[in-house]
Each structure stands twice: as structure tokens, then as C-alpha cells.
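Counting from 4, one number per residue, gives the positions in the sequence shown under my numbering. For every residue, glycine included, the Cβ atom is placed at its ideal position computed from N, Cα and C.
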Amino acid sequence: MTAEADLVLTDGHIHPLTGDDPGPFEAVAVRDGRIVRLDTSYEIEFLEGVETDVVDLDGRTVLPGFIDAHTHMEVIGQYEREADLTEADSPEDCIDRLAVLRDDPGRGREGTDEWILGLGYDESRWGGDYLTRDHLDEVSTDRPVVAVREDMHVASVNSVVLDRHRDEMPQSQVRTAGGEPTGVLVEDAVGVVREHSSADPETTREYIQAAQAYANRRGVTAVHDMVRQSHAPRVYRDLDAEGSLTLRVRLNYWSDHLDAVLETGLRTNHGSDRVRTGAIKTFTDGSIGGRTARLSAPYADAGEGDAPPDERGDWVVDPDAVADLVARVDNAGLQVAAHAIGDEASSGSRRRTSSSRPSPTS
Numbered sequence: 004m005t006a007e008a009d010l011v012l013t014d015g016h017i018h019p020l021t022g023d024d025p026g027p028f029e030a031v032a033v034r035d036g037r038i039v040r041l042d043t044s045y046e047i048e049f050l051e052g053v054e055t056d057v058v059d060l061d062g063r064t065v066l067p068g069f070i071d072a073h074t075h076m077e078v079i080g081q082y083e084r085e086a087d088l089t090e091a092d093s094p095e096d097c098i099d100r101l102a103v104l105r106d107d108p109g110r111g112r113e114g115t116d117e118w119i120l121g122l123g124y125d126e127s128r129w130g131g132d133y134l135t136r137d138h139l140d141e142v143s144t145d146r147p148v149v150a151v152r153e154d155m156h157v158a159s160v161n162s163v164v165l166d167r168h169r170d171e172m173p174q175s176q177v178r179t180a181g182g183e184p185t186g187v188l189v190e191d192a193v194g195v196v197r198e199h200s201s202a203d204p205e206t207t208r209e210y211i212q213a214a215q216a217y218a219n220r221r222g223v224t225a226v227h228d229m230v231r232q233s234h235a236p237r238v239y240r241d242l243d244a245e246g247s248l249t250l251r252v253r254l255n256y257w258s259d260h261l262d263a264v265l266e267t268g269l270r271t272n273h274g275s276d277r278v279r280t281g282a283i284k285t286f287t288d289g290s291i292g293g294r295t296a297r298l299s300a301p302y303a304d305a306g307e308g309d310a311p312p313d314e315r316g317d318w319v320v321d322p323d324a325v326a327d328l329v330a331r332v333d334n335a336g337l338q339v340a341a342h343a344i345g346d347e348a349s350s351g352s353r354r355r356t357s358s359s360r361p362s363p364t365s
């Protein structure tokens, strides 16, 4: 006798997108988390039992769950919990959204010394320049304020942040005008802000749960999460152990975690059904919007304003260092994921990496 299904979906348009028959099918039966049959609603009804959850799709379409192959789940949770600046169409709009967060004790982080965090602004929406310290000083002159650009390679901060942390930042990555910092930071200077504004385990859990709910609502069932100096791996494993993780997560650890990954014996694809180790992540260059993507020729508007005439972007990680990292990671049986945006970063890093990489052993 055929065992009954746990879940049956009927009267729909179901596209499995695999196998010899792409469908669509009218109904599907699921048992123990796996599809056991695709057929007509009539045929699938024979797998219904007393405990089967039956859903009438009423003609709706069903697709396999989506996989986001490069995301930052903690940041998505921050968009949900902090100030979302993605729709802001002026600096004043950004200021207003950050002020709402500042004044709402039910959102963000409470306390007179806690960070006020906004994410996702894009200066091209108002045809102007980046947010500056003067803009963010309007939000607060007592609490640290940071607005992260949509590419996450640029951040704008207020005077409080500069007064406290400028000495820790690479000075070449702190933008200035007339010798004074504008409040605009790029690359490793942004990393200093990220380190000081990082969340504790409890807040990280709130972010991850908010991001998980966001993904669930949009049909995303698996993510490749890029993690760095975060409590997210611990949170994922706690949620997995509790049975409350509703995503499959592939953890791509940043290269500065490589020693810890090796010490703990992690390997690519090791883990549970829900949480697995993925790749070791590194940069080559930055971003176009931050003007740190490495190009083979100067930017089209190089030489305008304060931009040098030969501006071609930056190597965030030197290509030789990337090649050395790839060799070390490969020898350890781990996968590599490398960020590359500019044409020189994409082609130059690939040539150096492939020429220095050891021959495969299997």
C-alpha cells in the first residue's frame, strides 16, 4: 500500500523545471519534504490521507523555490529593522527616514550612544553627490549615524563617527574636501564602521529572523550568505537545532576567517541539511558606484571635480594576494568565491589566479 502524502497541491499549474517532462502538471504530492508524484488532481487524490494537508491552488502557478546565490541576510534584516533608504529621492528624504528611526523606540537600537543605521541610499536618484557629514549631523550630533550606499562599498557618516574612529581608518579611503573629511568613506574605511556598529547575538538573531521571513514571502528557499565578523553562523545553527530555520543556508566565510575555518575542520559542503559550509570569499576590486572598481582605462569622467585624471579604481585585494589565497584554499579542500566588477579585475585576477593555482589532485 502506498504511503499517504504529507502535502498535496491540486488544481494548479505546477512547473518542476527538471526531468524529461517539464510540465506543467495539475497536482503534486509531497512526503518527508520531497516530491513523490506529479500528475492530475484525480490521480494525486489517491495519495491523500487523514493527516494530509490539502491545498486547492485554484489555478495558481507553482515554481521550485528560488536560490539567492549571493546575499547578505543580516543586511536584509537590517533593511527590515533599521532605516530603509532605497526609495529616498533626496538627501532631505534620507535625513527624515533616519530621524524616524532615531525617534521610534520600537525600531533600531535604543540608547543615547547606539548607532542610527540607514541602508541602501543611491545618490543617482537625486542626481547629486553622496550624503555627507553635514547631512547626517542633522540627524544627530550625539549618536553615531551611518548611511550605507546600496553597493555597500561606500558609507556616509556623521561627525560623531569621524571624531571617534577616523584614526582607525586608512586615510586614503576617507574622502576629503579642502583637507577636511566629508563624511564619505570607501572600502576598508567602511569596514571600520561595520566593525564598530556590528550587532550582538540577540540583535543578529532578530535580523536573521526578519530576513528569513522576507525570503519566505518571496519564495526564496535557499541562500548563499556572505558572512564576515558576524554572529550569523551561530544564529543559523541555533535556529537549525531548534527546528525553526525555514531556509537552506550555504555559509560563505570571508577570507579573514580562513584560519578559524581550517582550525575547526570545516570543509565545503559539510554540515546539516539546512546549514552547510560554502566558499571562502574574497575581493579583487570594489564597485562602479564607489569608483573603486578596477578598470583597464580611466573612468569616462576622470579628471572632473576632485577626481584624478588617471582614476581607474582600486585593487581592494592585490591580485598576487588573491592568487596566494586561492592556492591555500584549494589545497585545503575548500571552494573560493571572488568579487570582481571592473574589467581589469575580472581579467587580471583570473590570469594571475589560474597561472599560480596548483594542478588539481583529483
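Assigned exposure category for residue i - 16 Cβ within 10 Å defines buried
| i | result |
| --- | --- |
| Thr-267 | exposed |
| Asp-132 | exposed |
| His-273 | exposed |
| Ser-350 | exposed |
| Asn-161 | buried |
| Gln-81 | buried |
| Ser-25 | With the sequence shown as reference, residue 25 is identified as Pro, and Ser is not the correct amino acid for it. Pro-25 comes out exposed. |
| Thr-144 | exposed |
| Asn-255 | buried |
Start-to-end residues for the alpha helix (DSSP H) that takes in residue i
| i | result |
| --- | --- |
| Ala-300 | Taken as a continuous stretch (DSSP letters only), Ala-300 belongs to no alpha helix (DSSP H), as it is neither H nor E. |
| Gly-80 | 76 to 84 |
| Glu-95 | 94 to 106 |
| Glu-46 | 44 to 47 |
| Ser-162 | 162 to 168 |
Residues near residue i by beta carbon distance below 7 angstroms, same chain, minus five either side
| i | result |
| --- | --- |
| Met-76 | Ile-211, Ala-214, Val-226, Asp-228, Ala-235 |
| Gln-176 | Leu-188, Val-189, Glu-190, Asp-191, Ala-192 |
| Asp-154 | Ser-290, Gly-292, Gly-293 |
| Ser-299 | Asp-346, Glu-347 |
| Ala-335 | Leu-265 |
| Gly-316 | Asp-288, Gly-289, Arg-294, Thr-295, Ala-296, Arg-297, Leu-298, Gly-345 |
Closest Cα partner of residue i within the set the options
| i | options | result |
| --- | --- | --- |
| Trp-318 | Ile-344, Gln-338, Ala-340, Val-332 | Ile-344 |
| Leu-165 | Asp-154, Glu-183, Arg-152 | Glu-183 |
| Ile-291 | Ala-202, Glu-190, Val-57 | Glu-190 |
| Leu-41 | Ala-218, Lys-284, Asp-99, Asp-14 | Asp-14 |
| Arg-167 | Ala-91, Ser-200, Ile-98 | Ser-200 |
| Thr-287 | Arg-253, Leu-328, Thr-179, Arg-169 | Leu-328 |
| Leu-250 | Ala-6, Ala-216, Val-157 | Ala-216 |
| Ile-79 | Gly-123, Ser-93, Asp-137 | Gly-123 |
| Tyr-239 | Asp-259, Glu-205, Leu-120 | Glu-205 |
| Asp-140 | Ser-159, Val-325, Glu-126, Val-151 | Ser-159 |
Residues near residue i by beta carbon distance below 8 angstroms, same chain, minus five either side
| i | result |
| --- | --- |
| Gly-114 | A caution first: Gly-114 carries a pLDDT of 49, below 50, which makes its placement in the model unreliable, though a value can still be read off. Excluding positions up to five away in sequence, the list is empty. |
6 angstroms CB neighbourhood of residue i in its chain, flanking five on each side removed
| i | result |
| --- | --- |
| Ser-233 | Glu-77 |
| Glu-69 | The question names Glu, but residue 69 is Phe in the sequence shown. Cβ neighbours of Phe-69 beyond the five flanking positions: Gly-222, Val-223. |
| Pro-27 | His-16, Ile-17, His-18 |
| Arg-178 | Thr-185, Val-187 |
Where the beta strand (DSSP E) containing residue i begins and where it ends
| i | result |
| --- | --- |
| Leu-12 | 10 to 13 |
| Pro-184 | 183 to 189 |
| Leu-122 | 119 to 124 |
| Thr-179 | 177 to 180 |
| Ala-32 | 30 to 34 |
Quick one: complete beta strand (DSSP E) runs, 3+ long, within the region 199 to 284? 223 to 230, 251 to 257
Could I get the ranges of all uninterrupted alpha helix (DSSP H) runs contained in the region 126 to 154, with 4 residues as the minimum, in chain order? 136 to 140
Run through the region 314 to 356 for me and flag every whole beta strand (DSSP E) of 3 or more residues, listed as ranges in chain order. 338 to 342
Where in the region 51 to 77 do unbroken runs of the beta strand (DSSP E), each at least 3 residues long, occur, reported from the N-terminal end onward? Listed in chain order, the complete beta strand (DSSP E) runs (minimum 3 residues) inside the region 51 to 77 are 56 to 59, 69 to 74.
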